[in-house]
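With the working numbering applied, the sequence shown covers 17 to 289.
See structure below.
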Amino acid sequence: MNNEVLKNCVKKYWNFASCGTEFIKKTKFSTEYFDAIQDFRYTIEPEIFSFAQFTRFHGKKVLEVGIGAGTDFLQWVKSGAVCYGIDLTEEAIANVSQLLAQQNLSAVEIKVADAEHIPYTENFFDLTYSWGVIHHSPDTIRCLDEIIRVTKPGGTIKLMVYNRRSLFAFYMYLRYALLKGKPFQSFSKVIYDHQESIGTKAYTRKELINILATKSVDIVSIKSPVTNHDLLYYKSKLIRFIPYILACICGWNSVGWFMQVELKKMDTGEKRS
Ligand SMILES: C[S@@+](CC[C@H](N)C(=O)[O-])C[C@H]1O[C@@H](n2cnc3c(N)ncnc32)[C@H](O)[C@@H]1O
C-alpha cells in the first residue's frame, strides 16, 4: 500500500471516531460526553500528567500535534498556554471546537492539518507535544522532522510513541500471531495490522535513540513504565495476575507500551558531541 492510500485509511479510521470516544455512550458533544472521555482517559492513562506537566507551560507557545478528542488540549488551554492544535481529521476538530466552546475557552488556532506537513514556520513553538500520533502516520520520520522544525531552538518536544518491547506488544503477538498458529509473524506486522488504524508502528528504545542521533535534538529522557494497557486493565483479576508477574520479572520501568520521549531542540550552531 503506498503512503497516500495508507494515509487515507488512517484518516478514515480516526474520522469515524476520535481516540477515546468510541465507547462513550453519552449524547455526542454533551457535557457528560466530554466528562466521560476525560474520566476514562485519565483513569487509564494517569502518566500523562507527570509527562506533559501542563501547568509549566503557562504563557508559552504550545503546539499539540494530533489533538484527537481534545482532552490533553483542554489541559494546555486551561493552563494558560498559547495554544495551537492540529489533527488529520475533521472529527477531531469538531470535538475540540465543541469542548472549548462548552468551557468558554479558546485557542489561538485549531485546524485540520497533516503532521507530515505542519503548517507553521520554523522555530515557532516553545513546546511541541504529541501523544500517540506520529506512529500512525505513514511517514513517521517526516512527522518527527516537522515537529523539530517548528520548535524553537532550546525548545521542548514531548512525544509518546509505542514501545515494541512491551508487555502489551507481547500480548498482541500472543493474540494475533501465536494463538492464530503464526508463531513466525513479527511483532511489527501484528501491530501494523491490528493496533488501531492500519499501518501503526512501534519502536524499540534502541531504534528510537538511533533515529534521534541523526536529528538536531538532545534527549532529555526516554521512559516506558508499565501502563494499565500492559496490565490488561479490562480483563479479569485472574488474567491480570499474569502481566503483573511478567512486569515484576521484566522490570516495571522499562516494558511499558508508552515510550515517553522528552527532547530539547539544539540551539542554532550547537553541534552534536
Ligand atoms: C491515538 S489518537 C491520539 C489522539 C490524542 N493525542 C490522544 O491522545 O487522545 C491518534 C490521532 O492522531 C491523528 N493523526 C494520525 N495521523 C496524523 C497526521 N499525519 N497528522 C495529524 N494527525 C494525525 C488521528 O487523526 C488521531 O486523532
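Cβ coordinates follow ideal geometry from the N, Cα and C atoms, glycine included.
Just so it is clear, the structure is predicted and the values come from calculations on it, not from any experiment.
Item                                                                                                                    : Value
E223 CB to nearest heavy atom of ligand 1 below 8 Å                                                                     : no
Selected residue, minimal CA-CA separation from V233, among I157, N19, P169 and I60                                     : P169
W147 Cβ short of 8 Å to ligand 1 heavy atom set                                                                         : yes
Check whether A123 and L116 have beta carbons under 9 Å apart                                                           : yes
Heavy atom of ligand 1 within 8 Å of F268 beta-carbon                                                                   : Note that residue 268 is Trp in the sequence shown here, rather than Phe. Every heavy atom of ligand 1 is 8 Å or more from the Cβ of W268, so no.
Rounded distance between the beta-carbons of S95 and F70, thought under 8 Å                                             : 4 Å
L183 versus S240 - alpha carbon distance                                                                                : 11 Å
Best match in A185, H245 and L160 for proximity to K281 [C-alpha to C-alpha]                                            : L160
Cut-off 6 Å between Cβ atoms - residues of its own chain near G86, not counting five sequence neighbours on either side : N111, V112 and L115
Proximity to S237 [Cα-Cα], best of V277, A193 and K231                                                                  : V277
Stretch pair the region 171-187 + the region 260-277: three plus CB contacts closer than 8 Å                            : yes
Buried/exposed call for K44, threshold 16 Cβ in 10 Å                                                                    : exposed
Counted within 10 angstroms of its Cβ, other Cβ atoms place G197 as buried (16 or more) or exposed                      : exposed
T144 (DSSP reduced to helix, strand or coil)                                                                            : strand
For E212 and T156, the rounded distance between their alpha carbons                                                     : 16 Å
Cβ neighbour criterion (16 or more within 10 Å) applied to V21                                                          : exposed
DSSP-derived helix/strand/coil call for E61                                                                             : coil
6 Å CB neighbourhood of N269 in its chain, flanking five on each side removed                                           : P241
Of the residues L121, A97, G84 and Q118, the one placed nearest A129, counting alpha carbons only                       : G84
Between the CA atoms of L279 and I235 - distance to the nearest angstrom                                                : 5 Å
Cutoff 8 Å; reference C25; Cβ partners in own chain excluding five residues on either side                              : M17, S213, I214 and G215
Residues near I220 in its chain [Cβ-Cβ closer than 6 Å; skip 5 each side]                                               : According to the sequence as given, residue 220 is Thr; it is not Ile. Excluding positions up to five away in sequence, the list reads R180 and R181.
For V242, the three-state DSSP class (helix, strand or coil)                                                            : coil
Complete beta strand (DSSP E) runs within the region 67-100 (minimum length 3 residues, chain order)                    : 77-81
Bridge-paired residues (DSSP) for F274                                                                                  : Y178
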